[in-house]
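Here the structure comes first, spelled out in structure tokens, and everything after it is commentary.
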Amino acid sequence: MKKFLQNKKLLTTFIVIFLILVILGGSVNLRNKRNTPLLVQSFGNDVVAVGSRIVDIPVGWISGGLNNVNDILNTQTENNHLKSQVTNLGQTKARNQALEAENKQLRSALKLKDTLTGYDLINASVISRSSDTWSDLLVINKGSSAGVQKNQAVMCGGGVIGRIIEVNAASSKVELITTTDKSANRFAVQATASNGKSVHGIITVNSDNNLAFTQVVDSRKLKQGTKVYTSGMGGNSPKGLLVGTVSKTTRDSFGLSDLIKINPAGEINDPSVVTVIKRKVAN
Amino acid sequence: MRVFRKWVLAIALFVALILDGTLAFYLHQFMNIGAYGASTWILPIGIMLIGLFDDTNPNEIWLALGAGIVADISTLGIIGVYTVFFPVSCWACQRVARFLPEIFWSRLIVVIIGVTILDIYSWAILTMVGIISVSIKIMLISLAVNACWTIIFFSITYWIWGNLAENYPFLIDLRAYR
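Residue numbers (the numbering used here), protein chains in the order written: chain L, 1 to 283; chain W, 284 to 461.
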């Protein structure tokens, strides 16, 4: 011990490693627990976000130009597909309006105010992504000043793609639904089985980075293609946001519970414009 | 303007940090093959190249430390990944540069080794604190993908970092010597 204390290099190395571990542990704790980051961190994030917006303009032009060429090449196929959809659209729209009016009347009759399905939308643009390959984080250009709060669901391309994990004044960080973060909040979801009953569970990520619908009591009645929605039960996100569709049902490695693979409905790989979902009912 | 010249390298590193995020967003589709992917590491490449081009300026280690703190806060939200790696890699590169031939290929090898170490180090730290849960197999294959992209980023930015490190050393006014 005396020798160790007399060896200045060894002692300094030990102290530095100890300090790094303390700072690392402290910052991880802050990241998970605080609703808003420290003022210094928030300011730093916003400064980088402003820079990202400036750099994003010319890069976006180049990327947009290339995408436009790709869009022109795919126009004919897309047009044929959309034509087939348009015929059903009018009928669906009329039915939706009738159901909405009926829903409103029934709610007022029951004196219901906000339900789990009620939410507001905040539109935002993605300005950057975490540069390392391990963490699935996006930075969007809306923050607390626009009403964004920690843990709100984020959608893109018609499905849920992630959750807000850090809110600054003018920017926020989104953790994608495919994250392998063990401390991440999981989406409580439900699906309607072939016998008409609701099946509840949560969304997790399995070892090959695919989405899975886990903690399900009986999944045998969930057919391939069944749509999986948020149930609103876990707080934070409202009910009825599309997460994905069932692609395969298997048993987990212990053979104890069912493991249902999900094809994500949202645009996870190329989300340029996203929608933050603000739940109306308090958590 | 003299003060500005001293800070050119710091500004360049800030731009590199922003470019990392922007390019990671736009190139993500091309940089990932299934579950395996590469990182956009212009900033770490820049820090290592600065150390290799200018092995006499100790201020650059402090600059790397500052860049590491900013990068950690703005990307991961935790302090301890880039904050540790950047100054250590800058110091190591300055040491290596003293006996390394001053040619493109030797520097490329050093940077590829450095980036591979950063990949493993960041994987280890993020796994340790529970932010990620990526298998060793995926990590090892991703290293190969990452090395390929490192060659591309290195080749594009090599002359820029060389010029900046030699003409605008951090907190040193070269005109004072002329």
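From the three backbone atoms N, C-alpha and C, an ideal C-beta is built for every residue, glycine too.
* Asked: Thinking C-beta only, is residue 425/W closer than 8 Å to residue 317/W?
  -> no
* Rounded separation between residue 406/W and residue 117/L - CA only -> 39 Å
* **Partner residues on chain W for residue 56/L, Cβ-Cβ distance less than 7 Å** => 305
* Asked: If you run the structure through DSSP and keep just helix, strand and coil, what is residue 292/W?
  -> helix
* Asked: Hey, how far is the Cα of residue 22/L from the Cα of residue 28/L?
  -> 10 Å
* Between the stretch 292-302 of chain W and the stretch 401-417 of chain W, do three or more beta carbon pairs fall short of 8 Å? -> no
* **Three-state secondary structure (DSSP) of residue 242/L** => strand
* Asked: Of the choices 243/L, 31/L and 222/L, whose alpha-carbon is the least far from that of residue 162/L?
  -> 243/L
* residue 358/W versus residue 130/L: straight-line alpha-carbon distance, rounded -> 6 Å
* Consider the C-beta atom of residue 87/L and the heavy atoms of the ligand FMN; say whether any pair is separated by less than 7 Å. => With respect to the ligand FMN, the structure offers nothing, as it holds no ligand at all.
* Got a sec? Which residues, its chain only, sit under 8 Å from residue 186/L by beta carbon, not counting five neighbours each side? -> 202, 203, 204 and 234
* To do: State buried or exposed for residue 123/L, treating a residue as buried only when at least 16 other CB atoms are found within 10 Å of its CB.
  => exposed
* **Inter-residue Cα distance where the pair is residue 135/L and residue 177/L** => 11 Å
* Evaluate residue 175/L with the Cβ neighbour count: other Cβ atoms within 10 Å of its Cβ, from every protein chain shown; 16 or more gives buried, anything less gives exposed. => buried
* Asked: Taking the alpha carbon of residue 390/W as the point to measure from, which residue in 287/W, 312/W, 348/W and 333/W has its own alpha carbon closest?
  -> 333/W
* How long is the line joining the alpha carbons of residue 380/W and residue 229/L, rounded to whole angstroms? -> 57 Å
* Asked: Which chain W residues sit within Cβ distance under 8 Å of residue 41/L?
  -> 356 and 360
* With distances taken between CB atoms, is the gap from residue 363/W to residue 183/L smaller than 8 Å? -> no
* Asked: Residue range of the beta strand (DSSP E) that residue 233/L falls in?
  -> Element bounds for residue 233/L: n/a, residue is neither H nor E.
* **8 Å Cβ cutoff, residue 167/L in contact with chain W** => no
* Around the Cβ of residue 26/L, are there at least 16 other Cβ atoms within 10 angstroms (buried) or fewer (exposed)? -> exposed
* Top-ranked residue by Cα proximity to residue 325/W, from 433/W, 411/W, 450/W and 372/W -> 433/W
* Checking contacts by CB at 8 Å: is residue 244/L closer than that to chain W? -> no
* To do: Please confirm whether residue 517/W and residue 448/W have their CB atoms less than 8 Å apart.
  => Within the shown structure, residues of chain W are numbered from 284 to 461, placing residue 517/W beyond reach of any answer.
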